[in-house]
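This report refers to the structure that appears directly beneath it.
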Amino acid sequence: MLINKSNYELFALDYIEGNLELRERKAMKDFLQAHPDLDAEIESMRAAMFTFEADESIIYDNKASLLREENETPVVFMQPRRWYQMAAAAAVAILLIGFGVGYFAGSLSSDGEVILVENEPKVEEKVVPVTPVEAEGSIAEVEVQLTDNELVNPVKESKSVDKKQKIQPLILQEEASSSLAIVEEEIVEEKTEPIETLLTQEENIFEEVERAEVVAVRPLPKLQINITINSIESPLESSILQIEDSKDLIARLSNTDRIGNKLSKIKSFLGKLPFEDATLDAFVPTYFANAD
Amino acid sequence: MTTQEYNNCVKLYSDAVFRFLLKNLANRADAEDVMQLTFEKLWLKREVVGFEKAKSYTFSIAHNSMIDLIRKRKFVKAYENLPERAGGEFENQIEARDMMEQCLEILSPIQRSVILMRDYEGYSYDEIAKMTELTLSQVKVYIFRGRKKLQAEVNRLSKAS
Chain X
355 MLINKSNYEL FALDYIEGNL ELRERKAMKD FLQAHPDLDA EIESMRAAMF
405 TFEADESIIY DNKASLLREE NETPVVFMQP RRWYQMAAAA AVAILLIGFG
455 VGYFAGSLSS DGEVILVENE PKVEEKVVPV TPVEAEGSIA EVEVQLTDNE
505 LVNPVKESKS VDKKQKIQPL ILQEEASSSL AIVEEEIVEE KTEPIETLLT
555 QEENIFEEVE RAEVVAVRPL PKLQINITIN SIESPLESSI LQIEDSKDLI
605 ARLSNTDRIG NKLSKIKSFL GKLPFEDATL DAFVPTYFAN AD
Chain L
1052 MTTQEYNNCV KLYSDAVFRF LLKNLANRAD AEDVMQLTFE KLWLKREVVG
1102 FEKAKSYTFS IAHNSMIDLI RKRKFVKAYE NLPERAGGEF ENQIEARDMM
1152 EQCLEILSPI QRSVILMRDY EGYSYDEIAK MTELTLSQVK VYIFRGRKKL
1202 QAEVNRLSKA S
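Chains as they are written, first to last, in our numbering: chain X, 355 to 646; chain L, 1052 to 1212.
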C-alpha cells in the first residue's frame, strides 16, 4: 500500500490510536521516515492526544418543556398530520366535484337540454345510411327532424324521407332531358317558333338543370354537418366540456386563499423536517458535501 | 417508540445533548433553542425511530440542527485557514472561557462536533459518519486535522503563558 502526502491523513488517526493493520502500519512508518516534519507532528500527538472530557456538572434543567403527556395526543404532532389529512381531503373533494360537474356537463346537449342516452343511437342509425341520392331535396325536413329529436320511430321516418327524396330529382331529370331534346329537334328541323320563346325555354331548361345540380350537390355537406353536430360531435363536445370544467374548477379552488394557506403551511412544515427530506432547504447534506 | 420511551429519551439523553450543544455553540440561548428543535424533531419521528437508536439519532439531529443554525448565521468561514483564534461575534458572547474552550473555538463547526461526539460520547468513527452523513474517511480526516490544530493551539497557549 502506498501512503503519500495526499492520503496519509486517512491513516494518521488509526496509526496514532494503534488501529492499523500490520501492512498499513509498516507503510505509514515508511512514509513518516521520508517526511520527518510530519513524523514529529504525529509523534507529538501520539505522546499527548488532546481530548475533551464531558463536564458532568452541566445539566439541562428544562426537561419538563421536552416531556410529553403519555395519555394525551400532543398538539405538535397533530398539526402537521391534520394538514396532510385536509390536503388529501381537499384533493379528493376537488376530484369528485370535477368529475361530477364533468359528468353532468357531458350529458347536456349544445342547447342545454338533457338528451337521454337511449335516443343517441337512434339518431345515428337513422342518419348514417343516407346516400347522396336520398339526400336530395329534403334538407330542411331532415334538419328539423334531427335537431328536434321528435322521431319516435326513426326507421319509419327515414322511409318517408326517402320517398320524397327519390321522387323529386327523378322528375327534374326527366323534365330537363326531354325539354332539351325537344329544343334541339325544333331548332334543327324548322325555326317556326320565335327566338324569344326558344330563349325562355332554354333559360327555363338551364334554370331547372342548374337547380337540379344544386340540389344534388349542396345537400350532402349540409346533411353531413347536421349529422356531426347531432350524433358525433355531441359526445366529443361534452367530453371537452368535462375536461375544461374540471380544470377550471381545480384552478379556481386551488387559487382560493384557504387552500393556498394550507399549502403554504404544509410547505413550511416540510421545510422543518430533519434529514430524511434531503431536498428541502432546512437540511444540510449539500452543506456537508461542500464543507470539506 | 412510544411516548413513554420518548420521555425516557428526554430523561436519559437531554443532559448529554445539552452539554454537546453548549460546548459546540458556546452560547446557552442557542443551545436551548437547538435543544427544543432537536427533541421536537425526535418527537415527530418517534414512530420511525426505535428506542435503541434514539440516542444516536438525537445527537444526529442536534448536530444537523446546530450546523444549520451556524450556517444560517453565516458563522461558517474558512476556519481551516485561520492561523490564530477566531474572534468576533463568538468572542463577545462568552465572558469567561477556559483554555479548552478557546481551543474549541479554533475548530470548524464540523471538526468541533465530530471531536466532541468522539470524546464526550465515545462514538466510533463509523457511528459518527452515519450520524453526520459524512464518509468514514471524511470523519477521520476532520478529527485528525482538528486534533492537530488543537495540539498546536495548546502548545501556543502554553508557550504564551
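C-beta atoms are modelled at their ideal positions from N, C-alpha and C, and glycine is treated no differently. Computed from a prediction, not measured in an experiment: that's the story for all the values here.
- Within the same chain, Cβ atoms closer than 7 Å to the Cβ of Ala366(X) are found at Ile396, the five residues on either side in sequence being excluded.
- Under the DSSP assignment, Arg422(X) falls outside any alpha helix (DSSP H); it carries neither an H nor an E label.
- The C-beta distance from Ile413(X) to Asp1066(L) rounds to 5 Å, short enough to meet the 8 Å contact threshold.
- Glu407(X) sits in coil when the DSSP states are folded into three classes, being neither helix nor strand.
- In this structure, Val1192(L) sits near Glu363(X), with a CB-CB distance shorter than 7 Å.
- The shortest CA-to-CA distance from Pro1160(L) to any of Leu1120(L), Ala1203(L), Val1068(L) and Glu1184(L) is the one to Leu1120(L).
- DSSP places Leu450(X) within a helical segment (H, G or I) once states are collapsed to three.
- Relative to the Cα of Tyr1174(L), the nearest Cα in the group Ser1107(L), Ala1082(L) and Gln1189(L) belongs to Ser1107(L).
- Taking 7 Å as the CB threshold, Lys1106(L) stays off the interface with chain X.
- For Glu1156(L), the enclosing alpha helix (DSSP H) stretches over residues Met1150 to Glu1156.
- Taking a contact as a CB-CB distance under 8 Å, the pair Ala1113(L) and Thr1089(L) counts as one, their CB atoms being some 5 Å apart.
- Cβ-Cβ distances below 6 Å link Gln1162(L) to Tyr1193 and Gly1197 in the same chain, with the five nearest sequence neighbours on each side left out; the list follows chain order.
- Counting only the Cα atoms, Ala401(X) lies some 13 Å from Ala1203(L).
- For Ser419(X), the C-beta contacts it makes with chain L under 8 Å involve Gln1087, in order along the chain.
- Within a 10 Å sphere around the beta-carbon of Gln1189(L) sit 16 or more other beta-carbons, which makes this residue buried.
- In the three-state scheme derived from DSSP, where H, G and I count as helix and E and B as strand, Asp391(X) is classed as helix.
- Of all C-beta pairs linking the stretch 405 to 420 of chain X to the stretch 1060 to 1079 of chain L, three or more are shorter than 8 Å, placing the two stretches in contact.
- In terms of CA proximity to Ile620(X), Met440(X) leads the group Gly456(X), Met440(X) and Leu386(X).
- Rounded to whole angstroms, Leu1201(L) and Leu1155(L) show a C-alpha spacing of 7 Å.
- Taking the C-beta atoms as reference points, Ser1116(L) is found nearer than 7 Å to Val1085(L).
- Gln1055(L) places its beta carbon less than 7 Å from that of Glu424(X).
- Taken in chain order, the members of the stretch 385 to 398 of chain X whose beta-carbon sits within less than 8 Å of a beta-carbon on chain L are Glu395 and Ser398.
- For Thr1089(L), the enclosing alpha helix (DSSP H) starts and ends at Arg1079 to Leu1095.
- Bounds of the alpha helix (DSSP H) holding Thr1054(L) are Thr1054 to Leu1076.
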